[in-house]
Amino acid sequence: MSEIKITALSEPHDLGEGPIWIEKDKALMYVDAFQGIVHRHFPDTGRHQTLCIEKEAGFRCVSIVIPVEGEPDLYIVTVGRCVGTVRWPVSSADQLTVKANLLHVTDDHYPLNHFNDGKCDPRGRLWAGTKGHESSPGICEMERGTLFRLDSQLELTHSGVDKVSISNGMAWSEDRKTFYYIDSPLQLIYAFNYDDDEGKIMQYSIFEDFPNTNEISKFWQKMLSNSNKGGYFWCFIRLKQVICIDPRKEGDILCTIEMPCSNITSVTFGGPNYSTLYVTTAFRYLKDEERKATPEAGCTLAVTGLGVQGSPPISFKADSGKLKEKLNKN
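Residue numbers 7 to 336, in our numbering, belong to the letters of the sequence shown in order.
Written as structure tokens, this is what we have:
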């Protein structure tokens with residue numbers, strides 16, 4: 007591993023989340039969730055665009071943004087407990103406000119719920135989970151969330167996983183037989199048996215000692231990006247670290263990256279050869295004195311010199327006819 011360098015790419019955000027690299031634009035996209043803003047940063051030029059998405063069902067929270075394969079500038083987004091689409095060409099003004107085209111509204115029985123995290127499986131189906139109402143920063147109503155699946159026909163179905171507190175990091179094993187999923191407040195990492203053909207999850211086990219360090223396991227975990235050395239990168243909301251673990255070896259820690267701030271929220275690989283680890287952070291949960299001590303809190307960070315490469319993100323794959331039908335209705 008060469009010398010690691012950490013660079014701030016943005017001003018501090020309330021709650022940076024959901025980073026994803028858009029290869030065709032050579033840009034990093036991420037959200038400032040509770041502000042309802044999607045950011046698009048171009049590392050090569052320093053250009054920075056923002057897309058403010060209007061409230062849906064009374065909520066501004068935007069937590070997930072995923073490109074749609076074969077549809078330039080079209081993205082699946084979640085706004086509150088709603089799933090929709092937005093178009094956002096690079097040629098747009100650097101500051102723009104739009105309204106999402108709604109596809110689905112979820113969790114009618116818990117109207118204060120909102121989506122928290124999501125990722126596409128290897129076949130391009132979107133898995134997205136909700137969380138309970140956050141009555142104060144970091145405190146949410148427990149067991150109110152559900153894990154959903156959006157398929158190529160744009161049908162949203164219940165995955166069979168409910169009573170979730172905070173749906174968080176998701177990843178699939180290289181052989182597509184295991185789905186990793188985190189419910190953060192419970193400090194549990196689930197490993198579900200996964201049917202790649204059907205997009206179904208079945209029996210699960212729990213990595214109770216994964217990773218196998220008591221100090222780390224006390225903190226909320228957030229999955230990850232696959233690296234070319236077989237590891238998964240995790241970040242911890244209460245710890246100034248990102249670690250790489252090997253799930254094939256009972257969570258052996260392959261490397262640890264010391265970060266300049268706590269409240270690390272998510273990670274993804276991008277840049278040339280997917281060799282840059284992009285890290286989102288938050289200042290939302292910090293006291294004033296903590297913010298002063300760690301001015302980088304809330305910034306989006308680029309970590310270079312790791313000596314590894316990540317996997318390209320999976321875009322959402324929609325049936326073109328069904329997508330056209332849905333978009334025309336809106």
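The beta-carbon is built from N, C-alpha and C at its ideal position, and this holds for glycine as well.
Computed from a prediction, not measured in an experiment: that's the story for all the values here.
- Separation of Phe-198 and Leu-329 (C-alpha to C-alpha, rounded to the nearest whole angstrom) is 30 angstroms.
- CA-CA distance, Gly-144 to Asp-258, rounds to 29 angstroms.
- When only Cα atoms are considered, Ile-59 and His-110 end up about 16 angstroms apart.
- When the beta-carbon positions are compared, Gly-130 and Ile-70 stay at least 9 angstroms from each other.
- Proximity to Leu-192 across Lys-169, Ile-10 and Glu-331 peaks at Lys-169, based on C-alpha coordinates.
- A Cβ-Cβ contact shorter than 9 angstroms links Thr-271 with Thr-286.
- Considering only Gly-86, Ile-195, Asp-79 and Pro-253, the residue with the shortest C-alpha distance to Thr-136 is Gly-86.
- In chain order, Cys-267 place their CB closer than 6 angstroms to the CB of Thr-300, counting only its own chain and leaving out the 5 sequence neighbours on each side.
- Judged by their CB atoms, Lys-11 and Thr-274 are not nearer to each other than the 9 angstroms cut-off.
- Between the alpha carbons of Cys-88 and Asn-279 lies a gap of roughly 34 angstroms.
- If you look at Lys-61, you'll find it isn't in any alpha helix (DSSP H); DSSP assigns it neither H nor E.
- Distance from the CA atom of Lys-206 to the CA atom of Gly-166, rounded to whole angstroms, is 9 angstroms.
- Listed as beta-bridge partners of Phe-275 by DSSP are Leu-283.
- Per DSSP, Asn-119 lies in no beta strand (DSSP E) segment and is marked neither H nor E.
- Asn-174: member of the beta strand (DSSP E) spanning 173-178, first to last residue.
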